[in-house]
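This report concerns only the one structure given below.
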Amino acid sequence: MPQRAQDIYASAPMSGLLADETVAYMPDLRRCTGSRALLLSAAPQDEAPNPPYLSHWVTLRLAEGRIEGDIRASASEPLPFSDRTFDLILLRHAFEPAPLSIDEVVRILAPGGMLVLTGLNPLSGWTPWWQWQTRGSHLHAQSPFHFSARLRRADVQVERVQRVGRILPLPSAEPGWASSSWLGGGYVLVARKTGPMSIPTRLRPKPVTAPVGAGLAPGARRSSVS
């Protein structure tokens with residue numbers, strides 16, 4: 001049965017791929033320093049990591065050309081955050097449903113901050129399956145090599161790229177076609193922006209303001225979803 005693009009991330013094959021990605025990048029998240037982190041995901045069920053590792057998370061989801069969650073915005077407009085806001089940015093398949101700008105992502109990443117990016121490899125066997133399941137939804141998937149080249153030109157050092165997941169999006173009980181370290185349908189890219197890393201400092205206690213509003217660009221509004 002045809003699925004909408006945002007619903008496909010709840011399917012059994014995609015849920016398995018998301019889980020494989022999490023296992024691959026969690027050691028990198030444990031190395032992060034700083035305080036502010038952004039999760040931008042196409043999967044509606046995604047939540048910030050537990051434990052969170054960084055103290056303040058902004059959680060956003062992409063759906064039908066919109067950004068929803070802690071704030072609301074259009075995916076076709078610049079990201080509604082000030083420059084150098086986040087010490088960690090976790091992008092989970094964020095470039096597939098909408099053609100986001102990688103330059104915007106780099107802009108809001110702090111010097112020394114870490115970028116973790118996951119996605120479907122457009123040259124894998126998962127692409128025909130995606131197009132069949134969504135019946136016409138355009139997949140804006142890009143290869144990790146494309147992102148690596150763009151990031152290096154923006155002075156972001158790519159630390160590693162890892163293929164993850166099964167070769168084909170088959171049920172887990174299907175014999176053969178197991179996970180492959182170099183033919184998996186998904187990938188994890190880990191990069192770091194050049195510049196000094198954020199170093200936690202010990203400050204005197206003071207009242208804590210709502211974390212979502214911190215770092216918003218002028219005129220941006222928090223979501224009022226109750």
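Okay, so the sequence shown: first residue is 1 according to the UniProt record's numbering, each after it adds one. Glycine included, each C-beta is placed from N, C-alpha and C at the ideal position.
Under 7 Å between C-beta atoms of residue i and residue j
i	j	result
leucine 168	glycine 125	yes
glycine 34	proline 111	no
serine 41	arginine 92	yes
valine 156	lysine 193	yes
glutamine 162	alanine 24	yes
glycine 215	phenylalanine 81	yes
leucine 90	valine 116	yes
leucine 88	proline 144	no
alanine 98	leucine 151	no
proline 78	glutamate 47	no
Pairwise C-alpha distance: residue j and residue i
i	j	result
proline 44	tyrosine 9	8 Å
glutamate 21	aspartate 70	24 Å
threonine 85	leucine 109	6 Å
aspartate 28	leucine 39	15 Å
proline 51	alanine 37	13 Å
glycine 186	arginine 160	14 Å
histidine 56	proline 49	12 Å
leucine 139	glutamine 133	12 Å
alanine 217	glutamate 68	16 Å
alanine 19	isoleucine 102	24 Å
leucine 170	arginine 153	37 Å
aspartate 7	arginine 135	12 Å
residue 237	methionine 14	Past the boundaries of the shown model lies residue 237; the chain is included only from 1 to 226, so the question cannot be answered.
glycine 16	alanine 63	21 Å
Own chain partners of residue i with C-beta closer than 8 Å, once the 5 adjacent residues on each side are dropped
i	result
arginine 202	Its pLDDT being 45, under 50, arginine 202 is placed unreliably by the model, and the measurement read from it follows with that caveat. Closer than 8 Å at the Cβ level, and outside the excluded window around arginine 202, lies no residue.
methionine 26	Pro49
residue 229	No information on residue 229 is available, as it lies outside the stretch 1 to 226 that the chain covers here.
Supposed close pair residue i, residue j - CB separation, criterion 8 Å
i	j	result
arginine 66	alanine 75	6 Å
glutamine 142	proline 128	The Cβ separation is near 17 Å, so there is no contact.
Proximal residues to residue i (C-beta, below 6 Å), its chain only, five neighbours per side dropped
i	result
glycine 184	Arg163, Val164 and Gly165
serine 148	Val158
tryptophan 130	Leu139
tryptophan 182	Arg163
Beta-carbon contacts of residue i that lie in its chain and below 7 Å, excluding the five residues immediately before and after
i	result
cysteine 32	Tyr53, Leu54, Asp87, Leu88 and Met114
aspartate 83	Arg107 and Ile108
Any non-hydrogen atom of the ligand GTP closer than 6 Å to residue i Cβ
i	result
isoleucine 108	In terms of ligand content, the structure shown is empty, and the ligand GTP therefore cannot be addressed.
Closer than 7 Å to chain C by CB, residue i
i	result
leucine 120	Although the question refers to chain C, the structure presented lacks it and comprises just one protein chain.
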